[in-house]
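Here is the structure we will look at, set down as structure tokens.
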Amino acid sequence: MSKGNFRTFDPAKEDGAEPPQPRGNSLRDRIRRSEQAQQPAPATSRSGYVHQPQAQPELEPPSASAQQEAPQEAAAPQQDHSPAPAQEQTERPAPQPSPREEAANAPVAAQAEKQPNPEDSPQQASDGDNAIQPIGVVLEIAGSGSQVAIDLQRLTECADDKDPSVAMAGQVGSQIKIRVGNSWLLASVRNQKRDRKAGSILANIDFLGEGVEEKLTGRLHGFRRGVTRYPVPGALVYPASTADLKQVYASDGRSAVTIGKVYPTKDIRAGIYVDAMLGKHFALLGSTGTGKSTSAALILHRICEAAPEGHIVMIDPHGEYASAFRQTGVILDVSNLQMPYWIMNFEEHCEVLLTSNGNDRQIDADILARCLLKARQKSRLAEQMGKITVDSPIPYLLSDLSNAIQDAMGKLDKATNSAPYMRIKNKLEELKTDPRYQFMFSGMLVADTMADFISKIFRMPAGGKPISIIDVSGVPSDITSTVVAVLSRLVFDFAIWGREEKTTPILLVCEEAHRYVPSEKNADGNSVGTILSRIAKEGRKYGISLGLITQRPSDLAEGVLSQCGTIISMRLNNDRDQDFVRAAMPEGARGFLDAIPALRNRECIICGEGVAIPIRVSFDNLEEVKRPASEDPSFVEMWSQSGGEEDIVQRTVQRWRSQG
Ligand SMILES: Nc1ncnc2c1ncn2[C@@H]1O[C@H](COP(=O)(O)OP(=O)(O)O)[C@@H](O)[C@H]1O
Ligand SMILES: [Mg+2]
């Protein structure tokens, strides 16, 4: 397809582009040159942790030795060193014994050297050298975290390792392991700081759990969350290899669905424990375009595959998910939802029928309550039931409600204002005649279809289609939130009234959740916020699971996020949102949390109940037919085509006018 007159762009060749600078003097250039300078240096340090005093002159405050360095300032920093460390650097031949003199002027290394180092023995493990050599040493233990020093040289050595998790070892968000007796502690690196005195890197770590050491290979085995025995300062720190992580992320036997790969490994599958995730609600967060909707579809597809007789209700405000679930779900929109108006409770009736505010609203509500009860009582069903209330989901005729209002108005003394009655009656009339409201306020919906309606939306029986997509994009915006409220309340009430039965649990997934459970500052007092907050707080007692999807976690009602036992966070660009998520996530996930602004599209951090330990996951590629229709339009492509515009406009106007 032609791309019109658009062309590609090469900044270097544009007019006015500056020729590339052959040799810069920026910090980055210097680091690059220093790395090159380091290349020929022996890359192994079999003795384990070797302390490397590597002063970086450009960051150091001026010192006595700085004067000597001045003339070579622009050259590779390795040669910039004051003479002593530079010598050490070149003095390290390949399989060297640990340089004692170094240890002497570096307490960190001294501690490290005192530890017996079983890794010196020949290894049966297939892990490369880097995986079995320490990269650092524990400096301090405090509470759930601790501080380690990581050797810069070892970090560089590891960086080239072909095992990606060894290559990442020591970096923020990576995993490391620490030897404690015969077991390994697994920890994640939260942050890094340059250690000025010793020249190594100081890092805070968070413990994730522990496992035993496999005798033959030295690998981590039988991993469990939580720590029973802490290391002492001086314990050695090793990179966690892919083989280690395989053990860590292996399913512990609970049923799980796999959704992608554990970052940074190439082949470890990332799974989430379905019962644990759904048992305590979950939230899926991420800025627009990071892949939230597609990831939600992916997770739901995997759950549907695992549970073809499940019960999932998805509220879809943009009509995106229909295309994704045509095979495995039922799609309900304004054309076939047929949600009877009488299923609303009194509060929901008020939201739809009352137009006034302040004092007037209270007057109108009182009138509506009386008349609605009268209308409900008129039905044959009510006669059989005996006692009913304004909230009882009993079918009534819209004309009965209208007549009840008319009658009440007729009984007024002259002095009383008839305006409130007229307001309700007019609104009722409007809803009855406006075609946009027919999915709910049609005279055809008067039959008692409650059981059918519930079976349909909750997929009972599921019949191999466990998910219902409720596309509310066609619902007039003034009642969308009420429609969502009704659906959510039905889930809740069904669970409450069904608690004597052996009803199966229901998962309610809500896209754009910040619209429906808004924070106090955006609150509009709609019943949907109340019911969803209630489900968040009490739902799990009744077997309801809530899945909230939003790009604005900071706009969610307070407390709702912390009710979510599992948080799946994709990239969040906004600071406030990041803070919110940080507050809702467990302590141990700190290192991962800092990665949230730096995640790529389709990557996420998962922490909480649904996973054994916090993980960073790159989601699988979802087949096109299973993706939601949220594809961004290509302006370039669309704007290069022409033809048929008049017809398009005509047809659109036609649909617009006929409202259908
Ligand atoms: N796992 C995935 N597999 C295939 N495509 C994906 C995946 N995740 C995201 N995408 C693509 O990325 C784009 C944005 O994803 P989307 O789910 O709409 O993001 P969001 O809901 O966060 O705005 C879409 O075009 C989608 O096809
Ligand atoms: Mg989306």
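Counting from 999, one number per residue, gives the positions in the sequence shown under our numbering.
Ideal Cβ positions, reconstructed from N, Cα and C, are used throughout, including at glycine.
Span separating the alpha-carbon of residue i from that of residue j
{"i": "A1582", "j": "S1560", "result": "5 Å"}
{"i": "A1380", "j": "I1392", "result": "7 Å"}
{"i": "K1175", "j": "I1594", "result": "23 Å"}
{"i": "D1411", "j": "Y1419", "result": "14 Å"}
{"i": "E1212", "j": "L1218", "result": "6 Å"}
{"i": "D1242", "j": "I1266", "result": "11 Å"}
{"i": "D1204", "j": "Q1169", "result": "13 Å"}
{"i": "I1504", "j": "G1545", "result": "11 Å"}
{"i": "F1451", "j": "V1623", "result": "28 Å"}
{"i": "S1479", "j": "G1258", "result": "34 Å"}
{"i": "D1158", "j": "L1597", "result": "22 Å"}
{"i": "R1192", "j": "A1305", "result": "50 Å"}
{"i": "N1424", "j": "V1484", "result": "23 Å"}
{"i": "G1589", "j": "E1427", "result": "59 Å"}
{"i": "M1337", "j": "K1290", "result": "29 Å"}
{"i": "W1637", "j": "V1647", "result": "16 Å"}
{"i": "K1500", "j": "L1330", "result": "26 Å"}
{"i": "A1493", "j": "I1542", "result": "7 Å"}
{"i": "G1408", "j": "D1398", "result": "15 Å"}
{"i": "K1278", "j": "I1467", "result": "22 Å"}
{"i": "I1455", "j": "S1239", "result": "47 Å"}
{"i": "E1607", "j": "F1280", "result": "9 Å"}
{"i": "E1635", "j": "Q1325", "result": "30 Å"}
{"i": "F1633", "j": "Q1639", "result": "10 Å"}
{"i": "S1186", "j": "I1313", "result": "37 Å"}
Under the three-state DSSP convention, the category residue i falls into
{"i": "Q1648", "result": "helix"}
{"i": "M1420", "result": "helix"}
{"i": "G1527", "result": "helix"}
{"i": "V1470", "result": "coil"}
{"i": "A1062", "result": "With a pLDDT of 41 at A1062, under the threshold of 50, the modelled position of that residue is not reliable, and no figure is offered here."}
{"i": "S1400", "result": "helix"}
{"i": "Q1325", "result": "coil"}
{"i": "R1497", "result": "coil"}
{"i": "A1314", "result": "A small fix is needed here, since residue 1314 is Asp in this sequence, not Ala. Three-state result, D1314: strand."}
{"i": "L1559", "result": "helix"}
{"i": "V1507", "result": "strand"}
{"i": "R1614", "result": "strand"}
{"i": "Q1639", "result": "coil"}
{"i": "L1335", "result": "coil"}
{"i": "P1433", "result": "helix"}
Top-ranked residue by Cα proximity to residue i, from the options
{"i": "L1298", "options": "V1388, I1270, K1278 and T1288", "result": "I1270"}
{"i": "C1566", "options": "C1605, E1518 and S1531", "result": "Just to set this straight, residue 1566 is Ile in the shown sequence, not Cys. Measuring from the Cα of I1566, the nearest candidate turns out to be C1605."}
{"i": "T1548", "options": "G1527, E1510, K1624 and G1287", "result": "E1510"}
{"i": "V1235", "options": "S1285, V1135, M1337 and D1405", "result": "V1135"}
{"i": "S1531", "options": "V1515, N1520 and D1522", "result": "V1515"}
{"i": "T1288", "options": "A1129, R1550 and H1347", "result": "R1550"}
{"i": "N1571", "options": "V1558, K1463, L1591 and A1555", "result": "L1591"}
{"i": "L1344", "options": "V1328, C1369, G1537 and L1282", "result": "Note on identity: in this sequence residue 1344 is Phe, with Leu being the wrong assignment. Among V1328, C1369, G1537 and L1282, the Cα nearest to that of F1344 is on C1369."}
{"i": "Q1404", "options": "D1389, R1421 and I1329", "result": "R1421"}
{"i": "P1612", "options": "Q1145, Q1173 and D1149", "result": "Q1173"}
{"i": "S1181", "options": "A1233, A1147, S1249 and I1139", "result": "A1233"}
{"i": "I1130", "options": "D1161, V1146 and L1150", "result": "D1161"}
{"i": "L1335", "options": "K1290, N1401, M1442 and R1188", "result": "M1442"}
{"i": "G1179", "options": "V1146, D1149 and R1227", "result": "R1227"}
{"i": "A1140", "options": "P1474, G1408 and V1225", "result": "V1225"}
{"i": "V941", "options": "N1415, I1361, G1356 and L1366", "result": "No statement about residue 941 is possible, as the shown extent of the chain runs from 999 to 1658 and does not include it."}
{"i": "S1293", "options": "S1616, G1642, S1632 and Q1360", "result": "S1616"}
{"i": "R1223", "options": "L1276, D1250 and G1308", "result": "D1250"}
{"i": "Q1145", "options": "A1167, Q1190 and W1495", "result": "Q1190"}
{"i": "I1477", "options": "V1526, S1453 and G1462", "result": "V1526"}
Min CB distance residue i to chain C below 8 Å
{"i": "E1349", "result": "As a matter of chain content, chain C is missing from the structure shown, which is built from one protein chain."}
DSSP beta-bridge partners of residue i
{"i": "L1138", "result": "Here residue 1138 turns out to be Glu, not Leu, going by the sequence shown. Paired residues: Q1145."}
{"i": "V1178", "result": "S1181"}
{"i": "Y1228", "result": "Answer by DSSP bridge pairing: none, since Y1228 is not bridged."}
{"i": "N1189", "result": "N1202"}
{"i": "L1234", "result": "V1135"}
{"i": "A1483", "result": "BP columns for A1483 are empty, so no partner."}
{"i": "H1219", "result": "V1210"}
{"i": "L1283", "result": "T1548 and S1567"}
{"i": "A1268", "result": "G1258"}
{"i": "G1606", "result": "T1564"}
{"i": "S1543", "result": "L1505"}
Distance cut-off 7 Å: residue i Cβ against heavy atoms of ligand 3
{"i": "N1619", "result": "For the structure depicted, ligand 3 is absent and the ligand set comprises only ligand 1 and ligand 2."}
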